[in-house]
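Count the sequence shown with numbering that gives the first Met the number 0 and you get residues 0 to 198, in order.
Notes for the one structure printed next.
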Amino acid sequence: MNNIQQNFSESKKERILQAAEYIFGRENYASATISQIAKRANVAVGTVYEYFESKETLFFSIASEKCEIFDQELRLHLAGIVNVFEKIRKYVWLYFYYFQSEPMYSELLLLNMRVNKNFRGSPAYVWIQKSVGEIITVIEEGQREGLIITDVDAYTMRHMILGSLEHITTRWLLHGKDYDLLEYSEKISNLIIRALRRD
Numbered sequence: 000m001n002n003i004q005q006n007f008s009e010s011k012k013e014r015i016l017q018a019a020e021y022i023f024g025r026e027n028y029a030s031a032t033i034s035q036i037a038k039r040a041n042v043a044v045g046t047v048y049e050y051f052e053s054k055e056t057l058f059f060s061i062a063s064e065k066c067e068i069f070d071q072e073l074r075l076h077l078a079g080i081v082n083v084f085e086k087i088r089k090y091v092w093l094y095f096y097y098f099q100s101e102p103m104y105s106e107l108l109l110l111n112m113r114v115n116k117n118f119r120g121s122p123a124y125v126w127i128q129k130s131v132g133e134i135i136t137v138i139e140e141g142q143r144e145g146l147i148i149t150d151v152d153a154y155t156m157r158h159m160i161l162g163s164l165e166h167i168t169t170r171w172l173l174h175g176k177d178y179d180l181l182e183y184s185e186k187i188s189n190l191i192i193r194a195l196r197r198d
């Protein structure tokens, strides 16, 4: 496949993913159809199945795509930051910023995908685990430097951090997204750092 063909193929796949995000967000997973998505993406129904073997695969692939983007953004934002607590502040800020700027995806992920019984076995779940793995790296770095407590393991601390962020974001979604999610960034960062900081 030459570069032109590859770019065209990637363009079609991207259009299908964007269309799927819109249709799944406007309808819901159960009632949305592949034909609606194909029409929105301006491709044939068969073309959708060339890229995604089922509606569920397409549904979860939205999260894979978005997590890859989040990973890239996170690496860029953390580059050059030395202090582990500033890294945590940046992680919290970027989490809220990203989900606020992607409200339709936020709803799909937190209110639909995460409660789907098949989500845990999907490639998207692997991407989610990878994208939240960076916070463990930061915590372990802080433990090695003697800045973060060591009597609690990094994975438990990760659960605490992500649980807080997901709860606040989910509440924001359920309340109609009618306030600025970023208002919580500094408050939550301060609480997390206070909990993790070694005296």
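We treat Cβ as the ideally placed atom computed from N, Cα and C, and that holds for glycine.
Query: Tell me which same chain residues have a C-beta within less than 7 Å of the C-beta of Asn117, skipping the five on either side of it?; Result: Glu55
Query: Does the stretch 170 to 186 come close enough to the stretch 85 to 96 to have 3 or more Cβ pairs within less than 8 Å?; Result: yes
Query: Determine whether the beta carbon atoms of Glu139 and Ala153 lie at a separation below 8 Å.; Result: yes
Query: Could you check which residue in Leu195, Met103, Arg88 and Ile68 has the C-alpha nearest to that of Ile148?; Result: Leu195
Query: Decide yes or no for the touch test of the stretch 64 to 73 against the stretch 38 to 53: beta carbon pairs closer than 8 Å, at least 3 of them.; Result: no
Query: Taking its Cβ as the centre, do 16 or more other Cβ atoms sit within 10 Å of Gly132, making it buried, or is it exposed?; Result: exposed
Query: Go through its chain and collect everything with a Cβ distance to Leu164's Cβ below 6 Å, but skip five positions before and after it.; Result: Tyr94
Query: Determine the burial state of Ser188: buried for a count of at least 16 other Cβ atoms within 10 Å of its Cβ, exposed for fewer.; Result: buried
Query: Provide the residue(s) that pair with Ile147 in DSSP beta bridges, ordered along the chain.; Result: Arg196
Query: Counting contacts by CB-CB distance shorter than 8 Å, is Asn189 in contact with chain D?; Result: Protein chains in the displayed structure number just one, and chain D is not present.
Query: Here's the rule I'm using: 16 or more other beta-carbon atoms within 10 Å means buried, otherwise exposed. How should Ser184 be labelled?; Result: buried
Query: Within the chosen definition, does the stretch 156 to 171 reach the stretch 96 to 116 through at least 3 CB pairs nearer than 8 Å?; Result: yes
Query: How many angstroms separate the CA atom of Thr136 from the CA atom of Met103?; Result: 29 Å
Query: Within its chain, find whatever has a CB closer than 8 Å to the CB of Gln5; leave out the 5 residues flanking it on each side and keep chain order.; Result: Low confidence applies here, because Gln5 scores a pLDDT of 46, under 50, leaving its location unreliable; read the following figure in that light. Excluding sequence neighbours, Gln5 sits near nothing in its chain.
Query: Expressed to the nearest angstrom, what Euclidean distance is found between the alpha-carbon atoms of Val114 and Arg143?; Result: 36 Å
Query: On the DSSP letters alone, give me the boundaries of the alpha helix (DSSP H) that Glu112 sits inside.; Result: The residue asked about is misnamed: residue 112 is Met in this sequence, not Glu. Run containing Met112: none; DSSP gives neither H nor E here.
Query: Does the Cβ of Gly141 have 16 or more other Cβ atoms within 10 Å, making it buried, or fewer, making it exposed?; Result: buried
Query: Closer than 7 Å by C-beta to Ile127: which residues in its own chain qualify, once you throw out the five before and the five after it? Chain order, please.; Result: Ala62 and Cys66
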